[in-house]
Structures are given as structure tokens and as C-alpha cells.
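Novice: As numbered in my numbering, the sequence shown has no gaps in its residue numbers, which increase by one up to the final residue, 762.
Just so it is clear, CB atoms sit at the ideal spot from N, CA and C, and this is done for glycine as well.
One structure coming up, written as C-alpha cells, with questions to follow.
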Amino acid sequence: GVIMLLIFLAGSVASFLFIIFGHYLTKIIIKLPTNNKITGALREKLVSSDLAWERIRKDRSAVMGVALGSVLLMLSLMLIYWGSTGSLGIRTVPGAYMIFTSLASISLLFNFTPGSIGVRELLYTSAYSLTAISAKQVVAFSLVDRVAQLMVIGAAWSLFGRTIVRAIKTKP
Numbered sequence: 591g592v593i594m595l596l597i598f599l600a601g602s603v604a605s606f607l608f609i610i611f612g613h614y615l616t617k618i619i620i621k622l623p624t625n626n627k628i629t630g631a632l633r634e635k636l637v638s639s640d641l642a643w644e645r646i647r648k649d650r651s652a653v654m655g656v657a658l659g660s661v662l663l664m665l666s667l668m669l670i671y672w673g674s675t676g677s678l679g680i681r682t683v684p685g686a687y688m689i690f691t692s693l694a695s696i697s698l699l700f701n702f703t704p705g706s707i708g709v710r711e712l713l714y715t716s717a718y719s720l721t722a723i724s725a726k727q728v729v730a731f732s733l734v735d736r737v738a739q740l741m742v743i744g745a746a747w748s749l750f751g752r753t754i755v756r757a758i759k760t761k762p
């Protein structure tokens, strides 16, 4: 349990440091030669995200909002994972939810398929020895997880979608 907590905290601290200092790393990566489509696509994503983060870093309230949003997202994902495993009768250690939350975030970096289908599952199954869940249980859990997350996204969109669209249309 302590090791999982340390992994989770290390990932959280590293993410926060990347938000603040990632611009310098991105500058280095951009200068590296790209030899194929994958590295070219990765470079484009880095440049795009770096420009977005540069705008956010300039606004202290936006940084705090992103940090608070990240914490709330991680907590909600942990609740979804707890519910998903519980609905399947899978028993695991509470720290496993932190690992799955971190892996779900990491899987977004490798978005080779729509919705990272298969990528997240690969990461989940690679960590099954840490989480005390078998590979078959991970696949079942992953399917329930996808449906649960789509339901949460759908509910959030129905509640806040109109407000978000209005905010986007009114911004210059």
C-alpha cells in the first residue's frame, strides 16, 4: 500500500512539475529530428499542448483551477474504478485505484486508437501483478470502466454542455 501511494504521489508531483517546467523539456524535444510519422505526430502534440499550457501558466487562477480539476478528476476516477471492480466482485487493494487512475492518464499520451482503446487495457494488464487482479478480470473491469466513464461524461455534458458551448462562442 505504501509503495502504491508513493508511486501515485510521485506521478502527481511529476505532473505538476511538468506543468510548470515542461516548456523547457518541450523546447529540447522539438529540436530533435523526426524520422517517422509517430515522432512527428508526437512533436505536434507536444507543441500544441505546450502552447496551451503557456497560456494557462500566465494566469494563476487558471493554474489553480486546473490543479483542483485534476484532483477532482482523479478522485472521481477512483470512485468509478471502485464501483467497477465492486460490480464485478473483484477484490483488490485500495491503492490499485490510484494505479489505474495514473495509468488512465498515461494512456492518453499514447492515443494511437480512438479513445485509446486497447492502450489503456494494455497498461492495466501490465500492472495486474501490482494490483492483485488477473488479466481476465482487468479486461472485464476495463469494459465496465469504459461504460461507466461514458455515462459520467454523458451526464456531465447534459448538465454543463450548453454553458461550455456558450463560453466557447463568446471567447475572442
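Let me know the secondary structure DSSP gives phenylalanine 702 once reduced to three states.
Specialist: On the sequence shown, residue 702 is found 112 positions in, with the first residue counted as 1. Reduced to three states, the DSSP call for phenylalanine 702 is coil.
Novice: Could you pull out every residue in the same chain whose Cβ sits closer than 8 Å to the Cβ of leucine 693, ignoring the five residues on either side in sequence?
Specialist: Translated into the one-based positions of the sequence shown, residue 693 becomes position 103. Correct list, in chain order: Arg710, Leu713, Tyr714, Ala717.
Novice: Suppose the cutoff is 6 Å on Cβ atoms and the five residues either side in sequence are ignored; what does the same chain contact list for alanine 738 look like?
Specialist: In the sequence shown, counting from the first residue as 1, residue 738 sits at position 148. Only Ile670, Ser674 meet the Cβ criterion.
Novice: So isoleucine 689 packs on leucine 667, CB below 8 Å; how close in whole Å?
Specialist: If you number the sequence shown from 1, residue 689 lands on position 99. If you number the sequence shown from 1, residue 667 lands on position 77. The Cβ separation is near 11 Å, so there is no contact.
Novice: Determine whether the beta carbon atoms of leucine 641 and isoleucine 619 lie at a separation below 7 Å.
Specialist: Translated into positions along the sequence shown, residue 641 becomes position 51. Translated into positions along the sequence shown, residue 619 becomes position 29. It is not a contact, given that the beta carbons lie outside the stated cut-off.
Novice: When the Cα atoms are used, what is the spatial distance from isoleucine 707 to leucine 678?
Specialist: Translated into positions along the sequence shown, residue 707 becomes position 117. Translated into positions along the sequence shown, residue 678 becomes position 88. Isoleucine 707 and leucine 678: Cα-Cα distance of roughly 20 Å.
Novice: How many whole angstroms separate the CB atoms of isoleucine 646 and valine 661, which I take to be in contact at a CB cut-off of 8 Å?
Specialist: Working through the sequence shown from its first residue, we reach residue 646 at position 56. Working through the sequence shown from its first residue, we reach residue 661 at position 71. Contact doesn't hold; Cβ gap of about 16 Å is too wide.
Novice: How far does the alpha helix (DSSP H) with leucine 663 in it extend, from its first residue to its last?
Specialist: Reading the sequence shown from its first residue, position 73 is the one you call residue 663. Per DSSP, leucine 663 belongs to the alpha helix (DSSP H) from 650-677.
Novice: Check whether the Cβ atoms of threonine 682 and alanine 722 sit closer than 7 Å, and answer yes or no.
Specialist: In the sequence shown, the residue the question calls residue 682 occupies position 92. In the sequence shown, the residue the question calls residue 722 occupies position 132. It is a contact, given that the beta carbons lie within the stated cut-off.
Novice: Applying the criterion that 16 or more other CB atoms from any shown protein chain within 10 Å of the CB defines a buried residue, is threonine 760 buried or exposed?
Specialist: Taking the sequence shown and counting its residues from 1, the one referred to as residue 760 is at position 170. Label assigned to threonine 760: exposed.
Novice: Measuring straight from C-alpha to C-alpha, what distance separates glutamine 727 and isoleucine 680?
Specialist: Within the sequence shown, the letter at position 137 stands for residue 727. Within the sequence shown, the letter at position 90 stands for residue 680. Glutamine 727 and isoleucine 680: Cα-Cα distance of roughly 7 Å.
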